[in-house]
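Enquirer:
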Amino acid sequence: MEITIDMDAAAVAKISEVKQEGDRIYLDFEDGVGPFPATAISCRLDISFRLILVPADYPEDGLSIYDTKLDTAIGTVWLKQGAAMYLEERTRLVVDPDYQRLQLTSDSGLLASNVQLLRMDKKVAGN
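In terms of UniProt numbering, the sequence shown has 59 at position 59, counting the first letter as 1, and numbering is strictly consecutive.
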């Protein structure tokens, strides 16, 4: 299945406020695997995604897990292959008009109600 992520103008604007020239972008499914774990817990009852921006010279240790390339309005977004099962062919990243948070939606409905937008510095995550 080929996944595309469309973004509304509000999502592009929100991300552009944080994104810097040369940043690499990762759509991270929080499963406890990879260089950006939010918690040590990998068993969740909800689906949680984060959009993580890192500078071009960020250490590449652990980033090879993001092996699926998606072309989007903000540039290339990298995704873990295992996360693709939670998305649909036509996924949209939109801004919730009431709370101004990023959400992943599809033709089926809401996939993730609060996609965190994070910028990491050159420090290796977790250290």
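Note that the Cβ used here is the ideal one computed from N, Cα and C, for glycine as well.
Keep in mind that this is a model prediction, so the values were computed, not measured.
If the criterion is Cβ atoms closer than 8 Å, does the pair residue 27 and residue 95 meet it?
Expert: Sequence index remark: in the sequence shown, residue 27 carries index 27 (1-based). Sequence index remark: in the sequence shown, residue 95 carries index 95 (1-based). For residue 27 and residue 95, no; Cβs fall outside 8 Å.
Enquirer: Please state whether the Cβ-Cβ distance between residue 18 and residue 119 is less than 8 Å.
Expert: The residue labelled residue 18 in the question sits at position 18 within the sequence shown. The residue labelled residue 119 in the question sits at position 119 within the sequence shown. In contact: residue 18 and residue 119 (Cβ atoms closer than 8 Å).
Enquirer: Could you pull the DSSP bridge partners for residue 116 from this structure?
Expert: Translated into positions along the sequence shown, residue 116 becomes position 116. Partner(s): 50.
Enquirer: Quick check on the DSSP output: what are the complete alpha helix (DSSP H) runs of length 4 or more inside the region 46-114, in order along the chain?
Expert: Whole alpha helix (DSSP H) segments, 4+ residues: zero.
Enquirer: May I ask you to report which of helix, strand or coil DSSP gives residue 6?
Expert: By 1-based counting over the sequence shown, the position of residue 6 is 6. Three-state result, residue 6: strand.
Enquirer: By how many angstroms is the C-alpha of residue 70 removed from the C-alpha of residue 32?
Expert: If you number the sequence shown from 1, residue 32 lands on position 32. If you number the sequence shown from 1, residue 70 lands on position 70. Each residue's alpha carbon lies about 22 Å from the other.
Enquirer: Thinking just about the alpha-carbon of each residue, which of 15, 66, 111 is nearest to the one in residue 89?
Expert: Locating residue 89 in the sequence shown gives position 89, counting from the first residue. Ranking 15, 66, 111 by Cα distance to residue 89 puts 111 first.
Enquirer: Nearest to residue 83 by alpha carbon, out of 74, 103, 8, 30?
Expert: On the sequence shown, residue 83 is found 83 positions in, with the first residue counted as 1. Ranking 74, 103, 8, 30 by Cα distance to residue 83 puts 30 first.
Enquirer: With residue 133 as the anchor, note down where its beta strand (DSSP E) starts and where it stops.
Expert: Outside the shown range of the chain (1 to 127) lies residue 133, about which nothing can therefore be said.
Enquirer: Excluding five sequence neighbours on each side, which residues of the same chain lie with their C-beta closer than 6 Å to the C-beta of residue 86?
Expert: Here residue 86 corresponds to residue number 86 of the sequence shown, with the count starting at 1. Result list for residue 86: 47, in chain order.
Enquirer: Excluding the five sequence neighbours on either side, which residues of its own chain have a C-beta within less than 8 Å of the C-beta of residue 74, listed in chain order?
Expert: Here residue 74 is taken as the residue at index 74 of the sequence shown, counted from 1. Result list for residue 74: 7, 12, 15, 16, 19, 25, in chain order.
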